[in-house]
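Novice: Numbering (the working numbering), first residue to last: 222 to 363.
Cβ atoms here follow ideal geometry from the backbone N, Cα and C, with glycine treated the same way.
All figures in this text were calculated on a predicted structure; none of them were measured in a lab.
Below: one structure in structure tokens.
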């Protein structure tokens, strides 16, 4: 069965305002998430792009901005595609103060709604499970 959501939680040794900046400003996202660049128009309906040297550019649309607690965007697959019904998942970051640090939860959902076969959906979700593990470790280190 294809999971519809991936959920990861990490503790980050930085205050909520700092973590907010690092997950919502392209200059930072392009370093810990992408490896070339990122651009974020930080408003609902705004454009989101993230570029990797090996993979190319992923396009997305900002869905929610509730500074400094919730940031969400919808991103398209395959790489290079624009967001359309049936080709995107929703990524939502939630930030909660945790002592002097931040507890960050990321949920990616909508895998079952992708216009793919069950096998392709399962493969995509499994890849993103591993991807979020890696990317969140990079975020915490950044």
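Can you tell me the Cα-Cα spacing of residue 318 and residue 312, whole angstroms?
Specialist: Walking along the chain shown from the start, residue 318 turns up at place 97. Walking along the chain shown from the start, residue 312 turns up at place 91. Cα to Cα, residue 318 sits roughly 20 Å from residue 312.
Novice: Report yes if the C-beta distance between residue 270 and residue 280 is below 7 Å; otherwise report no.
Specialist: Numbered from 1 along the chain shown, position 49 holds the residue referred to as residue 270. Numbered from 1 along the chain shown, position 59 holds the residue referred to as residue 280. Contact: yes.
Novice: Touching or not, the region 223 to 238 and the region 340 to 347, by the rule of three or more beta carbon pairs under 8 Å?
Specialist: Touching, per the Cβ criterion.
Novice: Considering just the uninterrupted stretch of the beta strand (DSSP E) at residue 284, what are its terminal residues?
Specialist: Numbered from its first residue, the chain shown carries residue 284 at position 63. Run containing residue 284: 277 to 287, per the beta strand (DSSP E) assignment.
Novice: Judging by CA-CA distance, which residue of 327, 330, 322 is the nearest neighbour of residue 234?
Specialist: The residue you call residue 234 lines up with position 13 of the chain shown. If we check each option's Cα against that of residue 234, 322 comes out closest.
Novice: Quick one: is residue 302 buried, meaning 16 or more other Cβ sit within 10 Å of its Cβ, or exposed?
Specialist: Taking the first residue of the chain shown as position 1, residue 302 is located at position 81. Under this definition residue 302 is an exposed residue.
Novice: Do residue 254 and residue 329 have their beta-carbon atoms positioned less than 7 Å apart in this structure?
Specialist: Position 108 of the chain shown holds residue 329. Position 33 of the chain shown holds residue 254. The answer is no: Cβ separation not under 7 Å.
Novice: For residue 300, which residues from the same chain have a beta carbon less than 7 Å from its beta carbon, with the 5 sequence-adjacent residues on both sides left out?
Specialist: Here residue 300 refers to the residue found at position 79 when the chain shown is read from its first residue. Cβ within range, chain order: 276, 277, 278, 279.
Novice: Compare the C-alpha of residue 372 against each of 289, 304, 332, 336 and name the closest.
Specialist: Residue 372 lies beyond the stretch modelled for the chain, which goes from 222 to 363, so this question has no answer here.
Novice: On a CA-only basis, which of 259, 285, 274 is nearest residue 265? Give me that one, please.
Specialist: Against the chain shown, residue 265 aligns to sequence position 44. Considering only alpha carbons, the answer is 285.
Novice: Roughly how many angstroms lie between the CA atoms of residue 358 and residue 304, to the nearest whole one?
Specialist: The sequence position of residue 358 within the chain shown is 137, counting from 1. The sequence position of residue 304 within the chain shown is 83, counting from 1. Roughly 27 Å separates the two Cα atoms.
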